[in-house]
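Its first residue numbered 1, the sequence shown is counted upward by one per residue in my numbering.
Even for Gly, the Cβ is constructed at its ideal location relative to N, Cα and C.
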Amino acid sequence: MILDDVHRGVHTNKDRKRIGRGPGSGHGKTAGRGHKGLYSRSGASRRLGYEGGQMALARRIAKRGFNNNQFAPVVAILSLSALDKYFEAGDEVTPQVLRDRGIVKGNYDVLKVLANGTLSKTLTVKAHRFSQAA
Numbered sequence: 001m002i003l004d005d006v007h008r009g010v011h012t013n014k015d016r017k018r019i020g021r022g023p024g025s026g027h028g029k030t031a032g033r034g035h036k037g038l039y040s041r042s043g044a045s046r047r048l049g050y051e052g053g054q055m056a057l058a059r060r061i062a063k064r065g066f067n068n069n070q071f072a073p074v075v076a077i078l079s080l081s082a083l084d085k086y087f088e089a090g091d092e093v094t095p096q097v098l099r100d101r102g103i104v105k106g107n108y109d110v111l112k113v114l115a116n117g118t119l120s121k122t123l124t125v126k127a128h129r130f131s132q133a134a
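Next up, the structure:
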C-alpha cells in the first residue's frame, strides 16, 4: 500500500456546482433545466395525481357506490374460552374490568360475547351483545 495513495481522489469539501453563471461555465442560460415547461420554472412540483393537463385517472373513472362503514360501531369481541381462562367462579365481568385487566384492548363502541370455546364456571357477564349460542 502506498500511503499517499489512500486519500487520492477523495474530496471532502467539494465545491457546489455554480449554475447560471454564463456560457463559459457550461451551465449558463437555462442552467441545466432545459427549455420551457414545468420543471424550468422556479418552485416546480406537481401535485399528487397530476398528469400534465391530461384528464386525471381519478376524474376519468366513474364514481360508484357508497360505503357506510365509517359510521358503523366498532365491535370488540370476547370469547367464552377467554372468560373461562381469566376469571374465577362467581366473578362479575364488565367492560371496565376487561379494560383494567388488559383482556380487551383499544377503543370500541360495543362489546360482544361469542361462543368460542366452553365456559365451565358461573359468571355474571355484562356486555352490549351476546351471540345466540353464547
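Exercise. If we call anything under 8 Å between Cβ atoms a contact, is residue 127 one with residue 80?
Worked result: For the purposes of this step, residue 127 is taken as residue 127 along the sequence shown, with counting starting at 1. For the purposes of this step, residue 80 is taken as residue 80 along the sequence shown, with counting starting at 1. Going by C-beta atoms, residue 127 is not nearer than 8 Å to residue 80.
Problem set entry | Where the beta strand (DSSP E) through residue 114 begins and ends | Taking the sequence shown and counting its residues from 1, the one referred to as residue 114 is at position 114. Looking at the DSSP string, the run of the beta strand (DSSP E) that includes residue 114 is 110-114.
Exercise. In three-state DSSP terms, what is residue 99?
Worked result: The residue given as residue 99 occupies position 99 in the sequence shown. Here residue 99 sits in helix by DSSP.
Problem set entry | For residue 129: DSSP bridge partner residues | Within the sequence shown, numbered from 1, the residue matching residue 129 stands at position 129. In the DSSP output, where bridge partners are listed per residue, residue 129 has 112.
Problem set entry | Residue from 33, 83, 27 with nearest C-alpha to residue 102 | The residue labelled residue 102 in the question sits at position 102 within the sequence shown. The shortest Cα separation from residue 102 among 33, 83, 27 belongs to 83.
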